[in-house]
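All residue numbers for the sequence shown refer to the numbering used here, where the first residue is 1 and numbers rise by one.
Backbone N, C-alpha and C define an ideal beta-carbon position, used for all residues, glycine too.
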Amino acid sequence: MFSRKKEKGEKEKRLAEQRADLRNRKVYIPQMNYAGPRALAALLRSVGIDADVSPDDTPDVIALAERYLTGDECLPEKVTLGGFLKVLMQEGVDPKKVAFFMPTASGPCRFGQYRVLIKKILTDLGYGDVLLLSPSSYDGYKGIAEAATELIRTAWWAIVSTDILTKMLHRTRPYEIHKGDTDEVFEKGVQMICDVFEKRLPLKQKFHLLRETMIQVRDMFRAIPAKYEPGRPLIGVVGEIFCRMNVLSNQDLIRKVEELGGECWMSDVSEWIWYTNRETIKRLIDAGKRFSIDMLKEKIKNKIQRRDEHLLLEPFKEDLRGYEEPEDINILLKLGLPYLPVDGALGEMVLSVGKAVYLYEKGADGIIDISPFTCMNGIASEAVYPHLSRDHDNIPIKNFYFDGTPVDLERDLGIFMELVRNYQRRKRKKRVYPKCFGVD
Ligand code: SF4
């Protein structure tokens, strides 16, 4: 009894030391996409941690990272390491005052190795005092902040709200009359919700304020002068999460599709969270914990997350009509089952394949899969896409791979869009349009 108490006391002391150490540092978060990392930085600031996004959004970071890598690493690693090095190479930066947000994972994907690799490279370069912050569920995230449960809940709000704004961006921009209006509203909207996340407020009040702010941003999107006309090809964008979201990695592919007359529906971050929640439940069942406290906690968390998601999405019902995501991640996994075994082939590949079928059913005119060069996710899904396409009226599906070397995207996208237009003329699945299109 005494030793358990002592153990608990030591753990608490260690976590308090971690938190104190973090408060003396500035945390940099890699910019997987524009909105999410900014919202996360604001949330960290709300609990007293200095945080900002990493400067990894310019092409020079790739060349910088390549100096220290072997060439076997995938593109997300290059972009992330390059951004971190860019911070450390600024004049006067003290590594003891810097922390990098670097999530990690177990499993066969190279991602699990990157934390170790980055630590080694930084140490070899004399930056061994830098802290790599890898939030861990093992300590209930208490190593970051005492209010860890609150942080987990608000991080989910950040994911959902930034997903919604990103969807609004992609849904509106192709139809804007004045070039640049939608980007401007999007960036302003992201700043507005970040201001909410940064505030230290009771949870209920914060959620209320976030929802009100989201409604204001929705109205800003609605006010953008735009010519909503049906007929633009709708392209579903799936693939590896970092590369599909990171415009530096994918050479801003979505904007190029728009310039060629298309509109994109990109798989969002929440989809990945729902998938990892499902995997957690599966792991508990496999460990014989179907009826356990851990399972109960997981189920409650899922229920709360779903409710919060509904509440944030509800004001956008008319605006995002036709772009609804599946109510349950198992729907996607079931759709992909004829092509990939869900519990044998893990990760984004099962989501990409299932989502491709889902997007076909929703009336998409083509599918693009974005992956880093040599990523197993793209390779596995590319192998089954011809079969999937044949089973679904030969909907055009194209894989794009990126390794940081500029490629002639316009040429390949131009050919793809021709195929898309041919498919669009003969397709059997009609799409549903948002209310602003004036078609029912
Ligand atoms: S999913 Fe692919 S690109 Fe991403 S870390 Fe793993 S191997 Fe690399």
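Between the ligand SF4 and G83, a heavy atom-to-CB distance of less than 7 angstroms is absent.
Across the set G112, R19, E66, the C-alpha of G112 shows the shortest separation from the C-alpha of G347.
Residues C243, I370, F402 of the same chain have their beta carbon placed closer than 6 angstroms to that of N250, with the five preceding and five following residues left out of the count.
Within the same chain, Cβ atoms closer than 7 angstroms to the Cβ of S381 are found at M349, S352, V353, D369, the five residues on either side in sequence being excluded. Per the coordinates, the alpha-carbon of K355 lies some 24 angstroms from the alpha-carbon of I304. Distances from the CB of E271 to the heavy atoms of the ligand SF4 are all 7 angstroms or more. Considered as a whole, the segment 347-391 harbours 348-361, 376-391 as its complete alpha helix (DSSP H) runs of no fewer than 4 residues, in chain order. When the alpha-carbon of T213 is set against those of L312, V238, N302, K119, the nearest one is in L312. Distance check between H170 and each of I224, P135, E240, R255 places R255 closest, using alpha-carbon atoms only.
Within the segment 260-316, the runs of beta strand (DSSP E) at least 3 residues long that lie entirely inside it are, in chain order, 263-266. The beta-carbon distance between V217 and G180, rounded to whole angstroms, is 17 angstroms. This is too long to meet the 8 angstroms contact definition. For L201 against E150, the beta-carbon gap comes to about 10 angstroms, at or over 8 angstroms, which does not count as contact. Excluding the 5 residues flanking it on each side, A39 has same chain C-beta neighbours closer than 6 angstroms at A158, T162, C194, F197, in chain order. Comparing C-alpha distances from A345 to each of E263, E327, N377 shows the shortest one belongs to N377. Note that the C-beta distance between G48 and R14 is not below 8 angstroms.
In the DSSP assignment, Y28 falls outside any alpha helix (DSSP H) and within the unbroken beta strand (DSSP E) covering 26-29. The Cβ atoms of R431 and K334 do not sit closer than 8 angstroms to each other.
In this structure S270 touches E309 by the C-beta definition: roughly 7 angstroms separates them, less than 8 angstroms. Spanning the alpha carbons of T374 and G322 requires a straight line of approximately 34 angstroms. Per DSSP, reduced to three states, the secondary structure at E12 is helical. Secondary structure note for N399: it is in no alpha helix (DSSP H), and the uninterrupted beta strand (DSSP E) holding it is 397-402. A Cβ-Cβ distance of about 4 angstroms is found for the pair V237 and M266, placing them in contact under the 8 angstroms criterion. Around the C-beta of E17, fewer than 16 other C-beta atoms lie within 10 Å, and the residue is accordingly described as exposed. Taking the Cα positions, T172 is about 48 angstroms away from G288.
For the options D52, W272, L75, G239, the alpha carbon positioned closest to that of A63 is the one of L75. Of the candidates R25, V53, A20, the residue whose Cα lies closest to the Cα of G36 is V53. DSSP places V217 within a helical segment (H, G or I) once states are collapsed to three.
In this structure, K398 is the residue among T405, L88, K398, Q424 with its C-alpha nearest to the C-alpha of L413. Just measuring C-alpha positions, the residue of V116, K97, V98, P95 sitting nearest A105 is V116. By the Cβ-count criterion, T80 is buried, with 16 or more other Cβ atoms from all chains shown falling within 10 Å of its own Cβ. According to the DSSP secondary-structure assignment, V238 is paired through a beta bridge with D369. Each residue's CA atom was taken as its position, placing W274 and R307 some 13 angstroms apart. By the neighbour-count definition (other C-beta atoms within 10 Å, threshold 16), N246 is a buried residue. Annotated as distal: D393 and P233, with beta-carbon spacing of 8 angstroms or more. Scanning K199, S389, I164, A99 for the CA closest to the CA of F186 turns up I164.
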